[in-house]
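16 is the number of the first residue of the sequence shown in the working numbering; add one for each residue after it.
Beta carbons: idealized from backbone N, C-alpha and C, even for Gly.
The structure presented is a predicted model; accordingly, all values stated were derived computationally and were not measured.
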Amino acid sequence: MEEPTLLDFSDEKFINHLKNPEFIPDDKSFLFSALSFAKKWYNDETEFEFSTSGSTGNPKNNLFNKNQIISSVENTAKYFNLQKGDNIFICLNALYTGGKMMMARAIHLKLKAYIVPPTNLPFTQANNNFYKLTAIVPSQLYSILNTSGYENYLKQFENVLIGGASVNAELRSKCRSINYSHVYETFGMTETLSHIALKKISNVYTNQPFEALPGIEVDSDENNCLRIRSEVTNNHWIETKDVVEMVNDNTFIWRGRFDNIINSGGIKINPEEIESVISLTLKSHGVKSFYITSEPNSKFGQKLILVIEGEESSESLLKVLKDILPEHHAPGKILYQKEFNRTLSGKIIRTIQKNI
16 MEEPTLLDFS DEKFINHLKN PEFIPDDKSF LFSALSFAKK WYNDETEFEF
66 STSGSTGNPK NNLFNKNQII SSVENTAKYF NLQKGDNIFI CLNALYTGGK
116 MMMARAIHLK LKAYIVPPTN LPFTQANNNF YKLTAIVPSQ LYSILNTSGY
166 ENYLKQFENV LIGGASVNAE LRSKCRSINY SHVYETFGMT ETLSHIALKK
216 ISNVYTNQPF EALPGIEVDS DENNCLRIRS EVTNNHWIET KDVVEMVNDN
266 TFIWRGRFDN IINSGGIKIN PEEIESVISL TLKSHGVKSF YITSEPNSKF
316 GQKLILVIEG EESSESLLKV LKDILPEHHA PGKILYQKEF NRTLSGKIIR
366 TIQKNI
C-alpha cells in the first residue's frame, strides 16, 4: 500500500528547499499542484486564483489576496485549535479550492501535511497516523462508509470536514453512529473562499444548525436569505440566495435555495426540504439520485415533479410519497432521466433534459 507523502511545513529546512529558485515541482507528479501553490506562497505572490464548481453548477475562478486566505485559515484554526506541528491529511486535488485551502492551512500554521492522490478511498493510505484534520467530498465519504472495517480508518482522524456538495440523508444517517471522529458538514461558497460555518453530523441524532466560525458575522434579509461578513469578504456584506432560519446570532438552519423555491397555488415550497424528507424512502425503493423541480401548470402556476436518474419503474412511488409528505408538497408526476448532468464536485445540475 502506498504511503502518504509528508510535506513538513514546521521544518525550516523543508521550507528553504521550496524557496530555492532551483526547485521546480515535477509536473508529472500528483504533488505538482500542491507544491506549485506552496512555491507561489513562499515567493510572496499576493493574489491566488481559486477554482470551484459554483452553487449553480457554473465553474468559477475567483482571485483572493493572501490576507483573505490567512483570515479564513485562522478562523478554522481557532475552531479546531490547530497548532504548529499538528498532522493533517490532504486527499483533495490542490488544483481546486478544497485541496488548495488545506495547503494554505498547512503552510500558514506550520503543520505537517500528509498528502495522497485524490481517490474514492484515500483513508486506506493514512498509514496508522493520527490526524487533527482532513477534508473530503461526499462521494469519498460514501465510499469510506461502505467499506468493510471503515471504523479502523476513520478513528485515525479527529476532525473530518465534508464539503464541495451537500450531504444527503443517507450519509447523515450513517454518520450518526460515529463516536470516534468528529465529522462536520461545511457551509461556504465561492465568495467566502472556504467554509464559514460547520454542522456536526457524527454522534448526533437530531438535525443540528450550522454554527458560524469565529470571525464570521451572519444574519438574514427580508427574504430570509443569508448574509455574510468577515475579513475574507473584505468586511463587506455578501448577499446569498440561501434561505435560512436564524436560530441565534451565529447559528442557522439551511432551508434551501431562494432561486429554487416553487410557488404552487400560493404555497412556497423549498424543494431541498422535500428531498431531505423523501431521500431514505426513495433509497429503500432503489432510487439513488433524484431531485424535485416544477413545471408550469394552468391551475397552480407551478406543479411539483420528481426527476429520477435511471430506468423507469413500475412502482407507484407517487402514492408512497403522498403518504409521507404534507398536503400540497407531494410531486404530481415522475420523470425518469437516464443520466444526470453534474458539476466537477458531483452536484446535480437541476436542468430537465430533452431526452427524458
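Asked                                                                                                            : Found
Meets three-Cβ-pair contact criterion under 8 angstroms: the region 309 to 319 and the region 270 to 285         : yes
CB contact flag (Ile130, Leu156, <7 angstroms)                                                                   : no
Segment contact flag, the region 138 to 152 with the region 160 to 172, C-beta cutoff 8 angstroms, min 3 pairs   : yes
Residue closest to Asn143, alpha-carbon to alpha-carbon, out of Asn135, Glu166 and Tyr57                         : Glu166
Inter-stretch contact at 8 angstroms, needing at least 3 Cβ pairs: the region 180 to 199 / the region 240 to 249 : no
Proximity of Ser87 and Ser188 at Cβ, strictly below 7 angstroms                                                  : no
Asn275 versus Lys256: straight-line alpha-carbon distance, rounded                                               : 9 angstroms
Endpoints, the beta strand (DSSP E) within which Ser279 is located                                               : Ile277 to Ser279
Integer Cβ distance of Phe138 from Ile105, believed to fall under 8 angstroms                                    : Going by Cβ atoms, the distance from Phe138 to Ile105 rounds to 12 angstroms, so no, they are not a contact pair.
Beta-carbon proximity of Ala184 to Leu333, cut-off 7 angstroms                                                   : no
Neighbour-count burial assignment, Asn250, 16 or more Cβ in a 10 Å radius                                        : exposed
Among His343, Thr205, Tyr351 and Leu107, the one whose alpha carbon lies nearest that of Pro286                  : His343
Limits of the unbroken alpha helix (DSSP H) element including Asp264                                             : Asp264 -> no alpha helix (DSSP H), and no H or E assigned at all.
Residue burial classification, Asn90 (beta-carbon count within 10 angstroms, cutoff 16)                          : buried
Val175 - containing alpha helix (DSSP H), residue span                                                           : First-last for Val175: Asn174 to Ile177, but that is the beta strand (DSSP E), not the alpha helix (DSSP H).
Distance CB(Met116)-CB(Ala49) smaller than 7 angstroms                                                           : no
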